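Here's the structure, in structure tokens; my notes come after.
Residue numbers (the numbering used here), protein chains in the order written: chain A, 798 to 930; chain B, 106 to 275.
Written as structure tokens, this is what we have:
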């Protein structure tokens, strides 16, 4: 799965997510990616989130929306991302990752899987990674 | 405010052999999206550009390089959301197109619906001028290998909590 979250100069938030799903899936299986609130969510008033990982768990937990609602309650983007991903993993025993931008451009990155590749650009500098910490 | 973009290239048990490709492709995607923002493009334009970049890259499970279903076919899905109007466009069960995210964008902008699937999504895409490509052109060797590993295991990977298989998760 791949995804992107952006906040433009006008303060608008947008999110895109695309995937081939999971290897060996049944013909006709639909995962979290096209289900709004699970794989993707954006709200100019709060934040945007794109998720990746075990689709059936992500969609049951409505992972993207859960992160956005935590931010709405006052939690910062990174803490909200970590808290929701870990909450899903604890509850459903499968892993996931998510990237988040708050409406102010605060970054959240967290994954409970072994690895997740991510990158963002701030002030002309690229930050990127794939390992924990 | 200063525009900003962040991307991901998928989570899971990414083997060492795939790390360099993932990092290179992820950086290329974020630069593609950032360039759009620098030119005054919208957040929607930027996220579409970033995802298009990764859909073309076999290092990612989207577009070319997507994993395979039990019939050995690429069957993709994508979604895009506009936070200004809470408007969405999404497609699922879509085959034979390189850029599902751009079709999802068209669903957002040109359709009264939010999610189109299968044959209907294909018909919509063709009506909007998207061209199909041969299905085998979306299939990478890595995706074939991942399906064979899956068939050998006989059960779905559950990331590192279960079996270790790079094809196990999105």
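Every residue, glycine too, gets a C-beta built ideally from N, C-alpha and C. Model, not experiment: these values are computed from the prediction.
Using a Cβ-Cβ cutoff of less than 6 Å, which residues in the same chain neighbour residue i once the five nearest sequence positions on both sides are dropped?
i: residue 839 of chain A; result: 810, 811, 812, 845
i: residue 229 of chain B; result: 221
i: residue 139 of chain B; result: 110
i: residue 799 of chain A; result: 815
In this structure, does DSSP put residue i in helix, strand or coil?
i: residue 995 of chain A; result: In the structure displayed, chain A extends from 798 to 930; residue 995 of chain A sits before or after that span and is not available.
i: residue 258 of chain B; result: helix
i: residue 162 of chain B; result: coil
i: residue 233 of chain B; result: coil
i: residue 115 of chain B; result: strand
i: residue 926 of chain A; result: strand
i: residue 169 of chain B; result: coil
i: residue 153 of chain B; result: helix
i: residue 132 of chain B; result: helix
i: residue 106 of chain B; result: coil
Suppose the cutoff is 7 Å on Cβ atoms and the five residues either side in sequence are ignored; what does the same chain contact list for residue i look like?
i: residue 204 of chain B; result: 157, 160, 168
i: residue 868 of chain A; result: 843, 844, 874, 877, 899
i: residue 266 of chain B; result: Because residue 266 of chain B carries a pLDDT of 41, less than 50, the predicted location of this residue cannot be relied on, and the following value inherits that uncertainty. Closer than 7 Å at Cβ, skipping near neighbours: no residue.
i: residue 215 of chain B; result: 233
i: residue 253 of chain B; result: none
Of all the options the options, which has the alpha carbon lying nearest to the alpha carbon of residue i?
i: residue 898 of chain A; options: A:831, A:803, A:799; result: A:803
i: residue 808 of chain A; options: B:188, B:152, B:119; result: B:188
i: residue 895 of chain A; options: B:108, B:117, B:107, B:106; result: B:117
i: residue 197 of chain B; options: A:805, A:824, A:820, A:913; result: A:824
i: residue 170 of chain B; options: B:250, B:225, B:218, B:254; result: B:250
i: residue 915 of chain A; options: A:849, A:832, A:816, A:833; result: A:849
i: residue 107 of chain B; options: A:928, A:909, A:903, A:872; result: A:903
i: residue 887 of chain A; options: A:905, A:866, A:909, A:901; result: A:909
i: residue 853 of chain A; options: A:890, A:866, A:814; result: A:890
i: residue 841 of chain A; options: A:929, A:901, A:905, A:879; result: A:901
i: residue 246 of chain B; options: B:213, B:215, B:177; result: B:177
i: residue 219 of chain B; options: B:239, B:147, B:200, B:191; result: B:191
Taking the DSSP output, what are the residues bridged to residue i?
i: residue 797 of chain A; result: The requested residue 797 of chain A does not occur in the structure, where chain A is confined to residues 798 to 930.
i: residue 869 of chain A; result: DSSP, once it has assigned bridges, lists no residue as partnering residue 869 of chain A.
i: residue 220 of chain B; result: B:195
i: residue 800 of chain A; result: A:814, B:113
i: residue 807 of chain A; result: Partner(s): none; residue 807 of chain A has no beta bridge.
i: residue 822 of chain A; result: B:174
i: residue 912 of chain A; result: B:117
task = Check distances from the C-beta atoms of the stretch 833-861 of chain A to those of chain B and list, in chain order, the residues that come in under 7 Å.
result = 833, 836, 837, 838, 839, 840, 841, 845, 847, 849, 850, 851, 852
ask   = Of the residues that make up the stretch 201-217 of chain B, which ones have a beta carbon closer than 9 Å to any beta carbon in chain A?
value = Within the stretch 201-217 of chain B, the qualifying residues are 204, 205, 206, 209, 210.
ask   = What residues in the stretch 859-884 of chain A bring their beta carbon closer than 7 Å to a beta carbon of chain B?
value = For the stretch 859-884 of chain A, the set of residues with a beta-carbon nearer than 7 Å to any beta-carbon of chain B is empty.
Interface positions of the stretch 143-166 of chain B facing chain A (Cβ-Cβ less than 8 Å), listed along the chain = 145, 146, 147, 148, 149, 151, 152, 153, 155, 156, 159, 160, 165, 166
query = Given a limit of 8 Å on CB to CB distance, which residues of the stretch 166-181 of chain B reach chain A?
reply = 166, 167, 168, 170, 171, 172, 173, 174, 175, 176, 178, 179, 180, 181
key: Under 7 Å (Cβ pairs) to chain B, residues found in the stretch 803-823 of chain A   = 803, 804, 805, 806, 808, 809, 810, 811, 812, 813, 814, 815, 816, 817, 818, 819, 820, 821, 822, 823
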